[in-house]
Amino acid sequence: MTEDRSASLPFVVDLDGTLLKSDLLFECAMAFVRSQTWRCLKVLVWVLHGKAYLKKQLAQSTDVDVSLLPYDQDVLTLIDEQRGLGRRIVLATASYHSLAQRIGEHLQVFDDILATRLECNLTGPHKRDRLIELFGQRGFDYVGNALDDLVIWRSARLAYVVNPSAPVELAILSLDNVVRLIRSGTTGFGEWRKALRLHQWAKNALIFVPLLAAHQITNPLLLWHGLVAFISFGLCASGVYILNDLLDLEDDRRHPTKRNRPFANGCLSIKSGLMICPLLLIISLGGAWWWLPSQFVSVLAFYYALTLAYSFKLKHIMPLDVITLALLYTLRVIAGGAAFDLELTAWILAFSMFIFLSLALVKRYTELLVVSRNGVTGKASGRDYYPDDMAMLSSLGAASGYLAVLVLALYIRDGATVALYERSQIIWLACPLLLFWITRIWMLTHRGLMKEDPVVFALKDRLSLAVGVLFCLIFWSAT
Numbered sequence: 027m028t029e030d031r032s033a034s035l036p037f038v039v040d041l042d043g044t045l046l047k048s049d050l051l052f053e054c055a056m057a058f059v060r061s062q063t064w065r066c067l068k069v070l071v072w073v074l075h076g077k078a079y080l081k082k083q084l085a086q087s088t089d090v091d092v093s094l095l096p097y098d099q100d101v102l103t104l105i106d107e108q109r110g111l112g113r114r115i116v117l118a119t120a121s122y123h124s125l126a127q128r129i130g131e132h133l134q135v136f137d138d139i140l141a142t143r144l145e146c147n148l149t150g151p152h153k154r155d156r157l158i159e160l161f162g163q164r165g166f167d168y169v170g171n172a173l174d175d176l177v178i179w180r181s182a183r184l185a186y187v188v189n190p191s192a193p194v195e196l197a198i199l200s201l202d203n204v205v206r207l208i209r210s211g212t213t214g215f216g217e218w219r220k221a222l223r224l225h226q227w228a229k230n231a232l233i234f235v236p237l238l239a240a241h242q243i244t245n246p247l248l249l250w251h252g253l254v255a256f257i258s259f260g261l262c263a264s265g266v267y268i269l270n271d272l273l274d275l276e277d278d279r280r281h282p283t284k285r286n287r288p289f290a291n292g293c294l295s296i297k298s299g300l301m302i303c304p305l306l307l308i309i310s311l312g313g314a315w316w317w318l319p320s321q322f323v324s325v326l327a328f329y330y331a332l333t334l335a336y337s338f339k340l341k342h343i344m345p346l347d348v349i350t351l352a353l354l355y356t357l358r359v360i361a362g363g364a365a366f367d368l369e370l371t372a373w374i375l376a377f378s379m380f381i382f383l384s385l386a387l388v389k390r391y392t393e394l395l396v397v398s399r400n401g402v403t404g405k406a407s408g409r410d411y412y413p414d415d416m417a418m419l420s421s422l423g424a425a426s427g428y429l430a431v432l433v434l435a436l437y438i439r440d441g442a443t444v445a446l447y448e449r450s451q452i453i454w455l456a457c458p459l460l461l462f463w464i465t466r467i468w469m470l471t472h473r474g475l476m477k478e479d480p481v482v483f484a485l486k487d488r489l490s491l492a493v494g495v496l497f498c499l500i501f502w503s504a505t
């Protein structure tokens, strides 16, 4: 085929999963769920009217920022190459035409746009027939990614395949016109590890606090219960992290570091996230129900319900967001008591709430510091805070941390503590140690050196780890 012949043929590009490392239908669906949670049942009604009607309603009911969507740079480079040859570039997509038009206006690389309208869902055979009608059999080249594109590749002159799944790779073996296979996506274990936040599972060590406080850490049966509780909480929390990422796609894409999260950058599909969320919850609750007391299952279910409330609403309400975060941490301690069938003292619960409220405020302060350094003076994206609130947040956070030290001091003088520890006076050493750590955390935060979740920071920071070891040694010495 001569170069002149190639230049005269249109170069047709698919959108979802090809040019776009995501799916606009799912993007709109998640935006709708987030902004109009209480109208979600309407989606079921729309589905009954057909897929084209569903796409229309979602497109009209949401305002997806197309400039933030994860476009595949390799495909954009391919388009630029073909434009350089003087070819006519056509976007042919099953997404609704109003969204496709907005993407076309943003990218400024298409000569024509073919998209779904109410009378026709432009996918598979419908798209093929439309392209043949306009350009003739073998009268165009086509870039796609899915099994639905197989019928179109068969009618195209040349086929370009982008990030094919295993079934697609098998199916294209029957084609004789595939000229390029583009692999720009990474969906291996590394991306899922990031999405599941496996490093955050370290927070579930709080489950063992009641066991340590009761001096039952050597009990093998309770240790087994603790391991099951640890894994159950981890699976449940990972499911929530994924759901939270799916609801926060647009906010994450605006954030300087969160934009690299696997769902925000398109390395993992929204569909796969929606499939794994309920699976993780079922495994989590099933394992807990089989091995642990019913009160632990109740606490775990309440934790999940509260995280859902946080993801959909509470995290946008000041100061319920930080109070909820503190409670979610404290629920891990309460869950430990339920798993081991141990009664928790009011001292442990009060200490947990104050120390974790302080850390939650550290997290918010850090987010606002990033916002302010980017020159933003308005409300932080997805939060109910302004950069001007930073001084108040630091005051509240430091005060909450120091209240945790006060609770610890009062605990030392409690009669039950004196009875539990032979040398309870030694525990007084833990007070200045905790004061040192809280003060240091807030000073580092104020200086802009807290780059991540404070709990994750503490698990990586050598000095914080040393303080933790000394803290445990003090309590051990007091027994």
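Counting from 27, one number per residue, gives the positions in the sequence shown under the working numbering.
Ideal placement from N, C-alpha and C gives every residue a C-beta, glycine not left out.
Three-state secondary structure assigned by DSSP to residue 175:
As a working note, residue 175 is residue 149 in the sequence shown. Looking at residue 175 - three-state DSSP - the assignment turns out to be helix.
In three-state terms, what does DSSP make of residue 441?
Here residue 441 refers to the residue found at position 415 when the sequence shown is read from its first residue. If DSSP states are grouped into helix, strand and coil, residue 441 belongs with the helices.
Can you check DSSP and say which residues form a bridge with residue 37?
Here residue 37 refers to the residue found at position 11 of the sequence shown. Residue pairing by DSSP places residue 37 opposite 115 and 167 in a beta bridge.
Spell out the partners DSSP gives residue 138 in its beta bridges.
What you label residue 138 is simply residue 112 of the sequence shown in a count that begins at 1. DSSP lists 116 as the bridge partner or partners of residue 138.
Which residues does DSSP pair with residue 185 in a beta bridge?
Taking the first residue of the sequence shown as position 1, residue 185 is located at position 159. Beta-bridge partners of residue 185 (DSSP): 168 and 204.
Quick one: residues in its chain with C-beta nearer than 6 Å to the C-beta of residue 328, no 5 flanking neighbours on either side, listed in chain order?
If you number the sequence shown from 1, residue 328 lands on position 302. Here the set comprises nothing.
Does the stretch 122-131 come close enough to the stretch 158-172 that 3 or more CB-CB pairs lie under 8 Å?
By the C-beta criterion, the stretch 158-172 is judged not to be in contact with the stretch 122-131, since fewer than 3 inter-stretch pairs fall below 8 Å.
Find the nearest neighbour of residue 117 within the set 190, 36 and 204, judged by alpha-carbon distance.
As a first step, residue 117 must be located in the sequence shown, where it is residue number 91. Comparing Cα positions, the closest option is 36.
Look at the alpha carbon of residue 449 and the alpha carbon of residue 504, and state the distance between them as a whole number of angstroms.
Translated into positions along the sequence shown, residue 449 becomes position 423. Translated into positions along the sequence shown, residue 504 becomes position 478. Roughly 5 Å separates the two Cα atoms.
Between residue 376 and residue 433, which are expected to be in contact by the criterion C-beta below 8 Å, what is the C-beta distance as a whole number of angstroms?
Position 350 of the sequence shown, counted from the start, is the residue given in the question as residue 376. Position 407 of the sequence shown, counted from the start, is the residue given in the question as residue 433. The beta-carbon distance between residue 376 and residue 433, rounded to whole angstroms, is 5 Å. This is short enough to meet the 8 Å contact definition.
Relative to the C-alpha of residue 356, which candidate in 249, 420 and 259 has its C-alpha closest?
Reading the sequence shown from its first residue, position 330 is the one you call residue 356. Per the C-alpha coordinates, the member of 249, 420 and 259 positioned closest to residue 356 is 259.
Look up residue 368 in the DSSP assignment and say whether it is helix, strand or coil.
Sequence index remark: in the sequence shown, residue 368 carries index 342 (1-based). Secondary structure at residue 368: coil, using DSSP grouped into helix, strand and coil.
Please state whether the Cβ-Cβ distance between residue 180 and residue 201 is less than 8 Å.
On the sequence shown, residue 180 is found 154 positions in, with the first residue counted as 1. On the sequence shown, residue 201 is found 175 positions in, with the first residue counted as 1. Residue 180 is a Cβ neighbour of residue 201, given a cutoff of 8 Å.
Just to confirm my understanding: we take residue 367, look at its own chain, exclude 5 residues before and 5 after, and list those with CB closer than 7 Å. What are they?
Translated into positions along the sequence shown, residue 367 becomes position 341. Answer for residue 367: 319, listed in chain order.
I need the straight-line Cα distance from residue 296 to residue 75, nearest angstrom please.
Taking the first residue of the sequence shown as position 1, residue 296 is located at position 270. Taking the first residue of the sequence shown as position 1, residue 75 is located at position 49. Spanning the two alpha carbons is a distance of roughly 23 Å.
Mind pulling the alpha helix (DSSP H) runs of 4 or more residues that sit fully within the stretch 310-387?
With a minimum length of 4 residues, the continuous alpha helix (DSSP H) runs that stay inside the stretch 310-387 are 320-338 and 346-366.
Quick one: using the 10 Å Cβ neighbour count with 16 as the cut-off for buried, is residue 178 buried or exposed?
The residue labelled residue 178 in the question sits at position 152 within the sequence shown. Residue 178 comes out buried.
Assuming residue 467 and residue 480 are in contact, meaning their beta carbons sit under 8 Å apart, how far apart are those beta carbons, in whole angstroms?
Indexing the sequence shown from 1 puts residue 467 at position 441. Indexing the sequence shown from 1 puts residue 480 at position 454. At roughly 6 Å, the Cβ-Cβ gap stays under 8 Å, so residue 467 and residue 480 are in contact.
Residue range of the unbroken alpha helix (DSSP H) whose run includes residue 54
Along the sequence shown, one-based indexing puts residue 54 at 28. Here the alpha helix (DSSP H) through residue 54 covers 50-61.
Span of the alpha helix (DSSP H) holding residue 498?
Here residue 498 corresponds to residue number 472 of the sequence shown, with the count starting at 1. Residue 498 -> alpha helix (DSSP H) spans 488-504.
Could you give the first and the last residue of the continuous alpha helix (DSSP H) run that contains residue 126?
The residue given as residue 126 occupies position 100 in the sequence shown. From DSSP, the alpha helix (DSSP H) with residue 126 extends over 123-133.
Extent of the continuous alpha helix (DSSP H) run through residue 464:
The residue given as residue 464 occupies position 438 in the sequence shown. 456-472 is the span of the alpha helix (DSSP H), which, as asked, contains residue 464.
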